[in-house]
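Notes for the one structure printed next.
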Amino acid sequence: MITTVLTVDDSRAMRDMLRHSLLAAGFRVLQAEDGLHGLEVLETERPDVIVTDINMPRMDGFGFIEAVRRDETRRSMPVLVLTTEVDIEKKNRARAAGATGWIVKPFDPIKLVEAIRRVAA
Amino acid sequence: MDPMAAIRETFFQECEEQLAELEAGLILMESGTAEAETVNAVFRAVHSIKGGAGIFALDALVRFAHVFETALDQVRSGTLAAGPAVLNLLLRAADVLADLVRAARENGTVDEARTAALVVEFIQISNLGHEPPPAPKPKATPKVPVWNIAFTPTPALYAKANETALLLRELRRLGPVQVALDVTGLPELSELDPEGAYLTWNITLEADCPEQAVRNVFEFVEDDCVLEISAAAAEPVLKPGDVITGDNGFSFEFFPPSMPEDEEVVAAEPEHHEAPQIAAQKSNPVEAMAAKAESAAAVSATIRVDLDRVDRLIDLVGELVINEAMLSQRVLEAGIARASGVAMALEELEHLTREIQDSVMAIRAQPVRSVFQRMPRLVREVAAQTGKQVRLLTEGEGTEVDKTVIERIADPLTHMIRNAIDHGLESPEKRHAAGKPAEGVVRLTALHRSGRIVLEVADDGAGINRERVKQKAVENGLVAPDATLTDDEIDNLIFLPGFSTASTVSDISGRGVGMDVVRQSVAALGGRISIASRPGHGSTFTLSLPLTLAVLDGMVVSAHGHTLIIPLGAIVETLKPKAADVFPLDGEINVIRLRGGYVPMVDVAASLGYCEEFVEPDQSVALLVEGEGGVRAVLLVDAIHGQRQVVIKSLEANYRAVPGIAAATVMGDGRVALILDVDAVVKTARNESTRGEPGRSELSLAEAR
Chain A
33 MITTVLTVDD SRAMRDMLRH SLLAAGFRVL QAEDGLHGLE VLETERPDVI
83 VTDINMPRMD GFGFIEAVRR DETRRSMPVL VLTTEVDIEK KNRARAAGAT
133 GWIVKPFDPI KLVEAIRRVA A
Chain B
-18 MDPMAAIRET FFQECEEQLA ELEAGLILME SGTAEAETVN AVFRAVHSIK
32 GGAGIFALDA LVRFAHVFET ALDQVRSGTL AAGPAVLNLL LRAADVLADL
82 VRAARENGTV DEARTAALVV EFIQISNLGH EPPPAPKPKA TPKVPVWNIA
132 FTPTPALYAK ANETALLLRE LRRLGPVQVA LDVTGLPELS ELDPEGAYLT
182 WNITLEADCP EQAVRNVFEF VEDDCVLEIS AAAAEPVLKP GDVITGDNGF
232 SFEFFPPSMP EDEEVVAAEP EHHEAPQIAA QKSNPVEAMA AKAESAAAVS
282 ATIRVDLDRV DRLIDLVGEL VINEAMLSQR VLEAGIARAS GVAMALEELE
332 HLTREIQDSV MAIRAQPVRS VFQRMPRLVR EVAAQTGKQV RLLTEGEGTE
382 VDKTVIERIA DPLTHMIRNA IDHGLESPEK RHAAGKPAEG VVRLTALHRS
432 GRIVLEVADD GAGINRERVK QKAVENGLVA PDATLTDDEI DNLIFLPGFS
482 TASTVSDISG RGVGMDVVRQ SVAALGGRIS IASRPGHGST FTLSLPLTLA
532 VLDGMVVSAH GHTLIIPLGA IVETLKPKAA DVFPLDGEIN VIRLRGGYVP
582 MVDVAASLGY CEEFVEPDQS VALLVEGEGG VRAVLLVDAI HGQRQVVIKS
632 LEANYRAVPG IAAATVMGDG RVALILDVDA VVKTARNEST RGEPGRSELS
682 LAEAR
């Protein structure tokens, strides 16, 4: 069973980078540009893991995670936050919103893959 | 391309976009019309650059972006007021950030002292901005007592059909729990009693409740288990989740499981738990950033497409247009009646084709905003260099023009604005003496006018000092000392190459540096540039360019059996010459009298070498054309066949450059027709007509080179 990962990030460079790393690890990769777009993707797709940025236009990572969790069927979908934010408040906020984990950019592709594998279960 | 290099390129492209957004946002903030979303967008721009720079280990960029972002975050959260001084700093920081991006892209260097000085300013300003140095924010969450529970059921518990999972679920009602299963008591399989009990659950419960409440959960099983409950407030509340750390500041923290429905932040974070991330950051004075959910701004659905694909589409549509024209021609030749079904359907097709062409061209059309946005920075820099006070006003940023044109107007525009400030505007003292406000105004305007885009750069400076300009031109041998020149002609002298050099310009309160270069690059785009000046009131440069470089409105003419296209924009009028108005000059050139003036005549067929003989002027049709700088000539052709839009095909790319020919196109009958380079033809004519006539300064004036 191939693990599908949805990446949500407004930076194309970051999305490309994630895609590159995750494809190399054998994952199937879905991409979204921001939270709203991410939710659109989730209407038709059911990824095994979501990796989301925090600072994005239209709908930020917090709003996105909350919206993901609002749906009963997505309560257990692992959501990792990938961000440059190091603010504890924000981290707690992400956690309160229902994030599964918090990864600080710049990311180490190998470790990221490892983290995804851990939560994908 | 190597995938990493491609991603890097994407990153830099995005940086350009972010920088433009950043600057536009800061300018909005400066003008006081910014909304909350503007500040967010500005923050995000810097934040994104920082994030991407991190991937590529562009440390200098990351460091500066971090300081910058921190200040923006303070502005966003309201702890730092965005007054004029702060905005000025932010704008300068945007410039430095742009420099750092460029340096990173080109492996170049930056002014490190300037960068460092800005960092210092940021530190000062952020300390002023909010008084209490943000001591590690007190754990905002109240201290929650923690209970350690060890729960070891006896076989009796299972025998009573109790379900440990239900008990754990019950506990969860009190607060977040973390459960670890201790299996050390589990025997070998051979010794395992299927009805035995070997497991212990170690539970950490975070709940502000009396011990009794915890005990109550186990009320029904209390006799069938070993239960140890102890308070553990000092202990790490939750067993820290996994923390994986790696090189270059990587950190992954697997949050301890918590219930999604928990509204509150679950617990005070144990200090050591944060260590990896705190170490990874330099300092983050802003703690209290209540990042409000960003208001979903109005969204327009957009997609990114490679320009290559669009260009390919434009090419194909060009072919379609040609094909359609060929088909029409065939149908016409076949003698099919205009009212027939075929002809009508064909007409429909023609409309459709034209519409497709317009729509496709519109894909590549972009507002000039991206270029305009670069100008405020330029203005600030030049103003600082020259010690002048300048306000830049822009109008018509939304005016659209083909992307290929946009890319090529930035340089001329930069030159024009630099000139307007450097040579157009006076120093604050001089302005004051002249009764003008100390701050000069440079107005940049874009608009559409008769199928072209017109860009104007106007200043309210002193205008051109015609005395000095003419004197300079005479000194440089560009005009005869006794020549009588109109004001307009004097003003346009500044476009002549060799008119002035940087060293001479500084004494002239006129303009001049590099304006010939500007004119050349504009001419290469099929554009024109002119100047209007009012002494004491300022000057206005007007740049007019075709909207696209892909299609052209042209007049189809024939000369000695060859079909040629003359760009419609160059044609002033058509006339039927009378033999009596034509006068031979001593060269091989004739001039024609036109409303009291004389204009050189060019036999197009002869000038392109189609024939040796000249046609009789009264046997032909004449087109009065105007080249760059308003230089005129009359072109003689055999006949005019009509007007049509043609798809420009590069001659250089497909064959080689031909003097007098700008490009080629394919006509409806499938034959190639050449597009006349009006400027070149006019210039040649002018040169020949003035040969041996040094006294004719009006004509020599027109010599562009």
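If you read the protein sequences in the order shown, they are chains A and B. Position in the first sequence (from 1) plus 32 gives the number in the numbering used here. Going by the numbering used here, the residue at position 686 of the second sequence is 667; the numbering climbs one at a time, nothing skipped. Every residue gets a Cβ at the ideal spot worked out from N, C-alpha and C, and that includes glycine. These figures come from a predicted structure and were not determined experimentally.
With 16 other CB atoms within 10 Å as the buried threshold, where does residue i fall?
i	result
V207/B	exposed
S487/B	At S487/B the pLDDT is 38, less than 50, meaning the model places this residue with poor confidence; the figure from the coordinates comes in the next sentence. By the 10 Å Cβ count, S487/B comes out exposed.
N635/B	exposed
M49/A	buried
S107/B	buried
M293/B	Just to set this straight, residue 293/B is Arg in the shown sequence, not Met. Exposed, by the Cβ-count rule.
G517/B	exposed
M(-15)/B	exposed
P134/B	buried
D119/A	buried
P548/B	buried
T76/A	exposed
K417/B	buried
Q55/B	buried
R44/A	buried
D472/B	buried
R(-11)/B	buried
A414/B	exposed
R149/A	exposed
Give me the Cβ distance between residue i and residue j, rounded to the nearest whole Å; I'm assuming they're in contact under 8 Å.
i	j	result
R47/A	T39/A	6 Å
D42/A	S29/B	7 Å
I344/B	T380/B	The pair is not a contact, with the Cβ atoms about 17 Å apart (cut-off 8 Å).
A587/B	V659/B	The Cβ separation is near 16 Å, so there is no contact.
A614/B	V583/B	5 Å
T555/B	L506/B	Contact flag wrong, Cβ pair sits at about 26 Å.
L428/B	T375/B	12 Å between Cβ atoms; not a contact.
A419/B	R412/B	6 Å
Taking only beta-carbon atoms, is residue i less than 8 Å away from chain D?
i	result
F476/B	Reference to chain D is not applicable here, since the protein chains of this structure are A and B.
Hey, quick one: how far does the beta strand (DSSP E) through residue i stretch, first residue to last?
i	result
E607/B	602 to 607
N522/B	Checking the sequence shown, residue 522/B turns out to be Phe, not Asn. Unbroken beta strand (DSSP E) run through F522/B: 519 to 527.
G578/B	578 to 584
N571/B	571 to 575
D403/B	Run containing D403/B: none; DSSP gives neither H nor E here.
R107/A	R107/A -> no beta strand (DSSP E), and no H or E assigned at all.
H622/B	620 to 628
M536/B	532 to 540
L655/B	653 to 657
Need the endpoints of the alpha helix (DSSP H) that residue i sits in, please.
i	result
N69/B	65 to 87
L359/B	356 to 367
T19/B	17 to 36
L7/B	-16 to 11
M397/B	384 to 400
A414/B	409 to 414
F139/A	No alpha helix (DSSP H) holds F139/A; DSSP gives it neither H nor E.
F94/A	93 to 102
N635/B	632 to 635
F564/B	Unbroken run through F564/B is the beta strand (DSSP E), 563 to 565; no alpha helix (DSSP H).
A137/B	136 to 140
H47/B	40 to 58
Review point. Which runs of the alpha helix (DSSP H), 4 residues or longer, sit entirely within the segment 58 to 86 of chain A?
Key: 67 to 76
Exercise for review: At 4 residues or longer, and completely inside the segment 166 to 217 of chain B: list those alpha helix (DSSP H) runs for me, N to C.
Suggested key: Runs of the alpha helix (DSSP H) inside the segment 166 to 217 of chain B: 192 to 198.
Check your understanding: Do the segment 363 to 382 of chain B and the segment 328 to 337 of chain B touch if we need at least three Cβ pairs shorter than 8 Å?
Key -> no
Exercise for review: Kindly confirm or deny that the segment 100 to 118 of chain A and the segment 132 to 148 of chain A touch, where touching means at least three C-beta pairs closer than 8 Å.
Suggested key: Judged by Cβ distances under 8 Å, the segment 100 to 118 of chain A makes contact with the segment 132 to 148 of chain A, as three or more pairs qualify.
Check your understanding: Which runs of the alpha helix (DSSP H), 4 residues or longer, sit entirely within the segment 297 to 351 of chain B?
Key -> 322 to 345
Check your understanding: Would you say the segment 312 to 328 of chain B touches the segment 352 to 361 of chain B, given that touching needs at least three Cβ pairs under 8 Å?
Key -> In this structure the segment 312 to 328 of chain B does not lie against the segment 352 to 361 of chain B, because fewer than three pairs of beta carbons, one per stretch, are closer than 8 Å.
Review point. Counting Cβ pairs closer than 8 Å, one from the segment 618 to 635 of chain B and one from the segment 536 to 544 of chain B, do we hit at least three?
Key: yes
Review point. Three or more C-beta pairs closer than 8 Å, one from the segment 498 to 518 of chain B and one from the segment 433 to 447 of chain B: is that the case here?
Key: yes
Point to revise | Three CB pairs or more closer than 8 Å across the segment 37 to 45 of chain B and the segment 80 to 94 of chain B | key: yes
Review point. If we count Cβ pairs, one from each stretch, closer than 8 Å, do we get three or more for the segment 73 to 84 of chain A versus the segment 17 to 25 of chain B?
Key: no
Review point. Would you call the segment 494 to 510 of chain B and the segment 471 to 478 of chain B in contact, with 3 or more CB pairs under 8 Å?
Key: yes
Check your understanding: Do the segment 93 to 111 of chain A and the segment 53 to 62 of chain A make contact, defined as three or more Cβ pairs closer than 8 Å?
Key -> Not touching, per the Cβ criterion.
Point to revise | Within the segment 411 to 453 of chain B, ranges of the beta strand (DSSP E) (whole runs, at least 3 residues) | key: You should have 421 to 430, 433 to 440.
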